[in-house]
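S.K.: Chains as they are written, first to last, in the UniProt record's numbering: chain A, 1 to 198; chain B, 1 to 198.
Dumping the structure here so I can ask a few things about it.
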């Protein structure tokens, strides 16, 4: 025993977080010991509350502390457009942009046969249900631009197409502020393919 | 509001930790949401407990969950040698070595006139008291090898010398596994100065 038990337990807890190895965990644990007691108790409370109070919105699957979530409940948002994303963090990235006024659907993953994840394992069925009930005119597929994300977008697009709903995929191309010289071939090829008239 | 309140509160708590910026804090908070509830509640409990149950040993100043600490209470350890360190983490580094069987005294800092820290602000007075009460034969000064640590070692050494207790300072030199080529001049000069007959 190098550490008194309360420290080693706290170190163990920190080690479970991603990107935090044993040395960082020790540093964090000792930092906590020097924090004000109120701050530490707040931290503990925030941890427990975040886990306890947050659920997934029964409509869109976004993470929320009330069901349905604020975005689904917001009457000012355009319910005829649904943006399909993989992760709650993607909703937040979209919201930060402040340009999008439609609603969302969070899949919580992407189709990945390699990992045994099929359409039934992510929120695809609830999306299909939703399209039947709500008056949706456009579905924007904003899954990640990688193999799994593309496959998921393709799958949903084929599934929904017959219903006549307009389906679009977010553009691939060079990131703003990027450099042509350092762009990889696939991105460059997509950027060329997606060129627009000026 | 991008995040539901319980998440943004948790993100704030994580941001207070050293080396964790806003982006990492968000990543950790979302990771916590996907952790098992028991693990999160354990984490919260460990945080609160670490702060609540740990105090400083009234004898040596090391961090402990019982007073006096296990090292001070251990009858098998040699009470005639006291190793003076700056920080509880230094005690743990020494203990990991497994070579040292004496006791410790933790200063909780170093003398630093630049920051307005004098001998009275760190655990020097309690060390002097301890030297009066206990039968100490040797004091090993293991403060850090930097300006503040050297000044502190020098101060304690001058203060204690008249009492006749043997005072030593841990060696400066090249770290084991290091490379002469990359050693800085001061370390090299100390290594040369501290050379030993073979």
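The C-beta atom is built at its ideal place from N, Cα and C for all residues, glycine as well.
Since this is a predicted model, take the numbers as computed values, not measurements.
DSSP on residue 196 of chain A, reduced to helix/strand/coil?
M.R.: As a working note, residue 196 of chain A is residue 196 in the first chain. Residue state, collapsed to three classes: coil.
S.K.: I need the boundaries of the beta strand (DSSP E) containing residue 83 of chain B, first residue and last residue.
M.R.: As a position in the second chain, residue 83 of chain B is number 83, starting the count at 1. First-last of the beta strand (DSSP E) with residue 83 of chain B: 78 to 85.
S.K.: Which stretch, first to last residue, makes up the alpha helix (DSSP H) that contains residue 91 of chain B?
M.R.: Translated into the one-based positions of the second chain, residue 91 of chain B becomes position 91. Unbroken alpha helix (DSSP H) run through residue 91 of chain B: 88 to 97.
S.K.: What does the alpha-carbon distance come out to for the pair residue 138 of chain B and residue 196 of chain B?
M.R.: Looking up residue 138 of chain B in the second chain gives position 138. Looking up residue 196 of chain B in the second chain gives position 196. Using only the alpha carbons, I get a separation of about 21 angstroms.
S.K.: If you measure from the beta carbon of residue 19 of chain B to each beta carbon in chain A, is any gap under 9 angstroms?
M.R.: Start at 1 with the first residue of the second chain, and residue 19 of chain B comes out as number 19. Answer yes: the Cβ-Cβ gap between residue 19 of chain B and chain A drops below 9 angstroms somewhere.
S.K.: Between residue 42 of chain A and chain B, is any beta-carbon pair separated by less than 9 angstroms?
M.R.: What you label residue 42 of chain A is simply residue 42 of the first chain in a count that begins at 1. So, interface residue.
S.K.: Classify residue 50 of chain B: buried if its beta carbon has 16 or more other beta carbons within 10 angstroms, exposed otherwise.
M.R.: Along the second chain, read from residue 1 onward, the residue named residue 50 of chain B stands at position 50. Residue 50 of chain B comes out buried.
S.K.: Could you tell me which residues DSSP puts in a beta bridge with residue 106 of chain A?
M.R.: In the first chain, counting from the first residue as 1, residue 106 of chain A sits at position 106. According to DSSP, residue 106 of chain A bridges with A:85.
S.K.: Going by beta carbon distance, what residues of the same chain come within less than 6 angstroms of residue 78 of chain A, once the five residues before and after it are set aside?
M.R.: In the first chain, residue 78 of chain A corresponds to position 78, counting from 1. Closer than 6 angstroms at Cβ, skipping near neighbours: 101 and 102.
S.K.: So, does the stretch 58 to 76 of chain A touch the stretch 60 to 74 of chain B, judging by three or more C-beta pairs under 8 angstroms?
M.R.: no
S.K.: Name the two residues that bound the continuous alpha helix (DSSP H) containing residue 41 of chain B.
M.R.: On the second chain, residue 41 of chain B is found 41 positions in, with the first residue counted as 1. Run containing residue 41 of chain B: 37 to 53, per the alpha helix (DSSP H) assignment.
S.K.: Per DSSP, residue 56 of chain A is paired with what?
M.R.: Against the first chain, residue 56 of chain A aligns to sequence position 56. Beta-bridge pairing by DSSP links residue 56 of chain A to A:63.
S.K.: Take residue 81 of chain B and list the residues in its own chain whose beta-carbon comes closer than 6 angstroms to its own, dropping the five residues that flank it on each side.
M.R.: Locating residue 81 of chain B in the second chain gives position 81, where the first residue counts as 1. These residues qualify, in order along the chain: 102 and 138.
S.K.: To the nearest angstrom, how far is it from the Cα of residue 94 of chain B to the Cα of residue 32 of chain A?
M.R.: Position 94 of the second chain, counting from 1, holds the residue named residue 94 of chain B. Position 32 of the first chain, counting from 1, holds the residue named residue 32 of chain A. C-alpha of residue 94 of chain B to C-alpha of residue 32 of chain A: approximately 22 angstroms in a straight line.
S.K.: Applying the 10 Å Cβ sphere with the 16-neighbour rule, what's the burial state of residue 169 of chain A?
M.R.: The count along the first chain starts at 1 and reaches residue 169 of chain A at position 169. Result: buried.
S.K.: Against residue 65 of chain A, what residues of chain B qualify as contacts under a CB-to-CB distance less than 7 angstroms, listed in chain order?
M.R.: As a working note, residue 65 of chain A is residue 65 in the first chain. Result: 4, 5 and 6.
S.K.: Leaving out the 5 sequence neighbours to the left and right, which residues in its chain are closer than 6 angstroms to residue 20 of chain B when beta-carbon positions are compared?
M.R.: Numbered from its first residue, the second chain carries residue 20 of chain B at position 20. Excluding positions up to five away in sequence, the list reads 14.
S.K.: Can you list, in chain order, the residues of the stretch 22 to 46 of chain B whose Cβ is nearer than 8 angstroms to any Cβ on chain A?
M.R.: 24, 26, 27, 28, 29, 30, 31, 32, 33, 35, 37, 39, 40, 41, 42, 43, 44, 45 and 46
S.K.: Is the CB of residue 166 of chain A under 9 angstroms away from at least one CB in chain B?
M.R.: Against the first chain, residue 166 of chain A aligns to sequence position 166. Chain B, which has no Cβ nearer than 9 angstroms to the Cβ of residue 166 of chain A, makes this no.
S.K.: Confirm, please, whether the CB-CB distance from residue 46 of chain B to residue 12 of chain A is below 9 angstroms.
M.R.: Walking along the first chain from the start, residue 12 of chain A turns up at place 12. Walking along the second chain from the start, residue 46 of chain B turns up at place 46. Result yes, Cβ atoms of residue 12 of chain A and residue 46 of chain B sit closer than 9 angstroms.
S.K.: Show which residues of chain A have a CB atom less than 7 angstroms away from the CB atom of residue 134 of chain B.
M.R.: Mapped onto the second chain, residue 134 of chain B falls at position 134. Annotation: residue 134 of chain B has no Cβ neighbours in chain A at a cutoff of 7 angstroms; minimum Cβ distance is about 23 angstroms.
S.K.: Output yes or no for whether 9 angstroms exceeds the beta carbon distance between residue 40 of chain B and residue 191 of chain A.
M.R.: Start at 1 with the first residue of the second chain, and residue 40 of chain B comes out as number 40. Start at 1 with the first residue of the first chain, and residue 191 of chain A comes out as number 191. No.
S.K.: In the structure shown, what three-state DSSP assignment does residue 138 of chain B receive?
M.R.: Residue numbering aside, residue 138 of chain B sits at position 138 when the second chain is read from its first letter. In the structure shown, residue 138 of chain B sits in a strand (DSSP, three-state: E or B).
S.K.: Given a cut-off of 9 angstroms, decide if residue 108 of chain B and residue 88 of chain B are closer than it, judged by their beta-carbon atoms.
M.R.: Position 88 of the second chain, counted from the first residue, corresponds to residue 88 of chain B. Position 108 of the second chain, counted from the first residue, corresponds to residue 108 of chain B. Yes; because the gap between Cβ atoms is below 9 angstroms, this pair is in contact.
S.K.: Is there a C-beta anywhere in chain B that falls below 9 angstroms from the one on residue 13 of chain A?
M.R.: Position 13 of the first chain, counting from 1, holds the residue named residue 13 of chain A. Closer than 9 angstroms to some Cβ of chain B, the Cβ of residue 13 of chain A qualifies, so yes.
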